[in-house]
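These protein sequences, in sequence, are chains A and B.
The opening position of the first sequence corresponds to residue 1 in our numbering, with each subsequent residue numbered one higher.
The opening position of the second sequence corresponds to residue 216 in our numbering, with each subsequent residue numbered one higher.
2 protein chains.
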Amino acid sequence: MGIKERKERHREDLRQAILDAAKKLFMKHGYEATTIRKIAAEIEFSPTTIYLYYKDKNDILYALQKEGFILLGKSFHPLMQVDDPYERLKAMGRTFIQFSLENSEFYELMFVMKEPLLNLDTFCVNGQDVDWEEGIAAFDFLLHTVEDLQRIGYFKGQDTKIISLWIWATVHGLCTLQMHGHLEHVARHKLEGLEPTALLPLIFGSFVQFLEKVK
Amino acid sequence: MGIKERKERHREDLRQAILDAAKKLFMKHGYEATTIRKIAAEIEFSPTTIYLYYKDKNDILYALQKEGFILLGKSFHPLMQVDDPYERLKAMGRTFIQFSLENSEFYELMFVMKEPLLNLDTFCVNGQDVDWEEGIAAFDFLLHTVEDLQRIGYFKGQDTKIISLWIWATVHGLCTLQMHGHLEHVARHKLEGLEPTALLPLIFGSFVQFLEKVK
DNA sequence: AAATATACTTAACACTGTTAATATTTTAAA
DNA sequence: TTTAAAATATTAACAGTGTTAAGTATATTT
């Protein structure tokens, strides 16, 4: 049964080639440029061929989103070596922010846009979603770190998950305000003389300083 | 019905009528439904007529965004009567969150989408932007409240603007995570048994509890 | 060799924002 | 009042978008 396997592999190859083309366009020219027709041109196939490998555009976006989470996971990976949970949390925050700035299109796809998740919802109806593992893994890493922090006296008597979600929301809020130009806008109006890129680190610094206080 | 009546409307009226039609579609069927052609159909004019009153679609979105900020301002207005700055801040947070949930399309337009601001950028180049007043006013209200809090012992030695931005980012982060389904998603995976709508208040409560600690 | 299944493409549909050219109406001047 | 000019609105079209139905080669199986 080698022929069938080869065919199957070929099929998977093309599926991957479509995703790679989409990824290339996405990273190079952003979401706007990632159209079905342009992806098709990139792999030198007809636009309709794509629909033989992906249900629709959201299906591709969802696959791209997964790649984004893998990318974020890779950024987090070295931080697992950091023993001190407080230092680890700080580094996680910085890494997360850096990821959002350097891969803003991916970030939008992962945390801002709701389209890719629409696909996921259908999966969730019939039981539990098998996918989205990477996203959950990243959150688990945060959860684990907060747990470690609680073990050494931080967030006494607080619910680990609630605290984790709160931290996530804070950093996510910072990232989106920055990405969407709101921090820069406020800086121009209220913090003249300060370079706009300096604002985010200042706020994040203030946040971690605050965390230290509640030990 | 009313061809003559229609014709009698003067320029500003029609400009407003376009905005009202856009607002109606926007609130009723969301961003997706707010197309030039549908706005035109709503006011019973040709699609191209709209371009005689608004430069492009972003121009309309920007006008809608301003209406959103006025709406948010109205929600904040009663809170100015709250004397205790801590209670005021809490109420502001709750109001902000409530606004984001009840007017999620507006919220997206005001704080998430970057399209409406692209228009603004051109204004900013030649000097300072005359518009966006309502947005700045809302932030000023927060700034003022944090100032009051510092006067009674909160956030000692911290920069008022940085703290305000941090608070904004936190609440904004919570709103977007909720709106985009991430809180619900995590709740399903990590907090089974808890109804998804209960999560946001829990996190917010945990946040204000922390604020109390750093007095 | 004929029938069938697979892989892919062409053509089209129903949309989108936007513009150029055209027609209509209103206003102002001769 | 008639005529020229200006303002206003419309039609038709362009260049895109995601997506689908129908048709065409190619390869596999009978």
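Quick reminder that beta carbons are idealized off the backbone N, C-alpha and C, glycines included.
Keep in mind it's a predicted model, so treat the numbers as computed, not measured.
Query	Result
Through-space distance from residue 84(A) to residue 212(A), alpha-carbon basis	13 Å
Classification of residue 44(A) by the beta-carbon crowding that lies within 10 angstroms, buried from 16 upward	exposed
CB of residue 279(B) within 7 Å of CB of residue 240(B), strictly	no
Chain-ordered neighbours of residue 315(B) on chain A, where CB pairs are closer than 9 Å	None at all; the shortest Cβ gap to chain A is about 12 Å.
Integer Cβ distance of residue 432(B) from residue 275(B), believed to fall under 8 Å	Since the first residue shown for chain B is 216 and the last is 430, residue 432(B) is missing from the structure and cannot be characterised.
Beta carbon of residue 170(A) nearer than 7 Å to that of residue 245(B)	no
Proximity test, Cβ basis, 7 Å: residue 193(A) and chain B	no
Outcome for residue 92(A) when other beta-carbon atoms lying within 10 angstroms are tallied against a minimum of 16	buried
Proximity test, Cβ basis, 7 Å: residue 214(A) and chain B	yes
Three-state class that DSSP yields for residue 95(A) in the structure shown	helix
Residue 173(A), DSSP secondary structure in three states	helix
Residue 487(B) to residue 81(A) span [Cα, whole Å]	Past the boundaries of the shown model lies residue 487(B); chain B is included only from 216 to 430, so the question cannot be answered.
Segment limits, alpha helix (DSSP H) that includes residue 359(B)	348 to 366
Where the alpha helix (DSSP H) containing residue 111(A) begins and where it ends	Looking at the DSSP string, residue 111(A) is not in any alpha helix (DSSP H), and its letter there is neither H nor E.
Residue environment, residue 261(B), which counts as buried when at least 16 other CB atoms sit within 10 Å	exposed
Where residue 220(A) falls: helix, strand or coil (DSSP)	Chain A is shown from 1 up to 215; residue 220(A) falls before or after that span and cannot be answered.
Cα-Cα separation between residue 412(B) and residue 309(B), rounded to whole angstroms	14 Å
Proximity of residue 422(B) and residue 166(A) at Cβ, strictly below 7 Å	yes
Short CB-CB distance (under 7 Å) between residue 421(B) and chain A	yes
Residue burial classification, residue 358(B) (beta-carbon count within 10 angstroms, cutoff 16)	buried
First and last residue of the uninterrupted alpha helix (DSSP H) at residue 398(B)	397 to 405
Test item: CB-CB of residue 237(A) and residue 58(A) under 7 Å	An answer regarding residue 237(A) cannot be provided, because it is not within the stretch 1 to 215 covered by chain A.
Coil, strand or helix - residue 214(A) by DSSP	coil
Close-in-space but distant-in-sequence residues of the same chain around residue 137(A) (CB under 7 Å, 5 per side omitted)	73
7 Å Cβ cutoff, residue 253(B) in contact with chain A	no
Whether residue 145(A) touches residue 88(A) by CB criterion (7 Å)	yes
Cβ-based burial, residue 397(B) [other Cβ within 10 Å; buried from 16]	buried
Beta-carbon gap between residue 153(A) and residue 215(A) smaller than 7 Å	yes
Separation of residue 383(B) from residue 210(A), as counted between CA atoms	15 Å
Cα-Cα separation, residue 405(B) to residue 162(A)	10 Å
Minimum C-alpha distance to residue 226(B) - residue among 248(B), 265(B), 414(B) and 328(B)	265(B)
Min CB distance residue 172(A) to chain B below 7 Å	yes
Option in 418(B), 254(B) and 292(B) with minimal Cα separation from residue 349(B)	292(B)
Beta carbon proximity, residue 189(A) to chain B, threshold 7 Å	yes
Proximal chain B residues relative to residue 161(A), where beta-carbon distance stays under 7 Å	405 and 406
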